[in-house]
Every structure is written in structure tokens, then in C-alpha cells.
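Per the working numbering, residue 2 is the first one in the sequence shown, and the count goes up by one each step.
We treat Cβ as the ideally placed atom computed from N, Cα and C, and that holds for glycine.
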Amino acid sequence: MIASVAYTDPFGLCYDKQTKEARACKVTWSEANHSNRNVSTATMRMVQGIADRANVDLTLSSGRRQGSCAASLHNCGTAVDISAINGHDIGQMINGVGVTNPSAMPFVNQVQSVMKTMPDIRENYGPAGLFESKSASGGAQVQIYDDALQNAHNDHVHAGGQRYLQDEDTGP
Numbered sequence: 002m003i004a005s006v007a008y009t010d011p012f013g014l015c016y017d018k019q020t021k022e023a024r025a026c027k028v029t030w031s032e033a034n035h036s037n038r039n040v041s042t043a044t045m046r047m048v049q050g051i052a053d054r055a056n057v058d059l060t061l062s063s064g065r066r067q068g069s070c071a072a073s074l075h076n077c078g079t080a081v082d083i084s085a086i087n088g089h090d091i092g093q094m095i096n097g098v099g100v101t102n103p104s105a106m107p108f109v110n111q112v113q114s115v116m117k118t119m120p121d122i123r124e125n126y127g128p129a130g131l132f133e134s135k136s137a138s139g140g141a142q143v144q145i146y147d148d149a150l151q152n153a154h155n156d157h158v159h160a161g162g163q164r165y166l167q168d169e170d171t172g173p
């Protein structure tokens, strides 16, 4: 019997599934999303940092939205939703209920654990739990409990950056 091997690297390298060759970890936008990719350059650096620290490829499904920053960090251009990790769909909404793909959970746990260590992360919501840092300087994240918010994040990981990330320019 051949044991499975986790292809991770402490220096932000991912490994090609077929060739097993090292390459930079990738952050890409879902082909289904063409309308709200416009997030700050600092936010994209934050997301690339998540990918590099967790040694995974990330697929993003949502970025900037319309509305006030008080309502959502998405509206400030400082939040993204991660819909897939290493090609594994995190989940889907079925009749208003977030359903998590069980095969994605090891990757979700890895990503959300890494996000807990990053001071630029203000909101870390996903199937592995809800964690927040309301300190303007990026203090430790604490777990929060909100059934409605959890249900809304069982099909993706939300990475919301500290508000100072909105001060930089926005992407295309």
C-alpha cells in the first residue's frame, strides 16, 4: 500500500499534481465571476499570502460589492470569498443552506488555521468556524458563534482584511 503524501512547502511553493514539480501557489478568479473582482492591491497581496503560507492554490468567487463599508468588508474592496482550494469545491448553497464538501475540509482547516495567524485578517469565516479580530492593529482572532453567519459561510471561506487595506489602490 502506498501512503499519501502532502505536497506542502514552508516557502510558499505548491506542487503540480501530475509532475510533482514545485511552482508558485496560484490565486485565480472563478470563471463564473466577472463582475466584482475589483479589490485593493493590498487585499490581493493578503490573499496571495494565505495561499503561500498554506501552500495551496485558491479560487476566488467574490470581491468588491456595492454598498457601505459598515455593512461588509466586501464593499470596501478588502474581502474575498474563496470557493475552491487546490481545485476542491468548498461547497454550495442548496435551498438557502450552505452545504460543505467533505473532501474539501482538510484544505479548509489548513487555510483557516493559517488565516488565524495573519494580522491582516479581520474576518476569517468558513466551514471550520467563525473567527474575528476587531483590533485595528490586527490582534488575535477570537471565535464567535452565530448560526446564521455560520450557515452563510459553510460553502466558502471568507477572508476579510483589516480596514487599513482599503487605503491602497484597487485592481482592474
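For P128, is the classification buried or exposed, using 16 other Cβ atoms within 10 angstroms of its Cβ as the cut-off for buried? buried
Less than 7 Å separating the beta-carbons of H49 and V81? Here residue 49 turns out to be Gln, not His, going by the sequence shown. No, they are not a contact pair.
With which residues is M94 paired in a DSSP beta bridge? G99
Write down the C-beta distance between S1 and L166 rounded to the nearest angstrom, noting that I regard them as a contact closer than 8 Å. Here the chain covers residues 2 to 173 and nothing more, so residue 1 does not appear.
Are G99 and N37 closer than 7 Å when you measure CB to CB? no
Collapsed DSSP secondary structure at S114 in the structure displayed: helix
Between the C-alpha atoms of R123 and A52, what's the straight-line distance to the nearest angstrom? 17 Å
Where does V112 land, buried or exposed, given buried means 16+ other C-beta within 10 angstroms? buried
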